[in-house]
Amino acid sequence: MLLTRLVAPETYICEECEGKELPILEDGPGSQTHRGDHHLLRIHHLALDRSEREKLDQTTVRINALETAVNERLEALGSAVETRIATLESKVEARWTSSNSILRRIALQLNVPELEPEAEAPTKDVTVTRKEPDD
6 MLLTRLVAPE
16 TYICEECEGK
26 ELPILEDGPG
36 SQTHRGDHHL
46 LRIHHLALDR
56 SEREKLDQTT
66 VRINALETAV
76 NERLEALGSA
86 VETRIATLES
96 KVEARWTSSN
106 SILRRIALQL
116 NVPELEPEAE
126 APTKDVTVTR
136 KEPDD
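Start counting the sequence shown at 6; every next residue gets the next number (this note's numbering).
Next up, the structure:
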């Protein structure tokens, strides 16, 4: 028997019909193009018939690959955020130092007594009390 045509899932053929190049039956022997007295050969496409275990294994592999890709992307984003924060912190520190320097020069020009550095300035507790009015 010559199988010259592509075989689809659940395909029925017979030698006489194959020789006459009649259409391949995909509906089974109930089709009107095939006589009931011909012996049919049912071909089941095995490539499409994968077991559930194979499907599960393939799905697991795909999920693991996706998880790895997501984790790598999250690590890259986390690293980028940390770098960005460090850059911003250094810029803020530079601006703070520059602003402090400018304020000190202004204070010198206005003859304001020099302030003690923040680290050395004493801390004082201030208590605010309200004076009751005399009646």
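Even glycine gets a Cβ: it sits at the ideal position worked out from N, Cα and C.
Model, not experiment: these values are computed from the prediction.
For residue i, which of helix, strand or coil comes out of DSSP?
i: Ser-56; result: coil
i: Thr-9; result: Its pLDDT being 40, under 50, Thr-9 is placed unreliably in this model, and the value from its coordinates should be taken loosely. Residue state, collapsed to three classes: coil.
i: Lys-148; result: With the chain represented from 6 up to 140, any question about residue 148 goes unanswered, as that position is not in the structure.
i: Leu-71; result: helix
i: Leu-115; result: coil
i: Glu-26; result: coil
Identify, in the order they occur along the chain, each residue of the same chain with its Cβ nearer than 6 Å to the Cβ of residue i, setting aside the five sequence neighbours on each side.
i: Gly-24; result: none
i: Ser-106; result: none
i: Ala-112; result: none
i: Gln-114; result: none
Between residue i and chain C, is there a C-beta pair that is closer than 8 Å?
i: Gly-83; result: In summary, chain C is missing from the structure at hand, where a single protein chain is found.
By a C-beta neighbour count over all protein chains shown, 10 Å radius and 16 as the cutoff for buried, is residue i buried or exposed?
i: Ala-126; result: Note that Ala-126 scores a pLDDT of 49, beneath 50, so its modelled location is shaky and nothing firm can be said.
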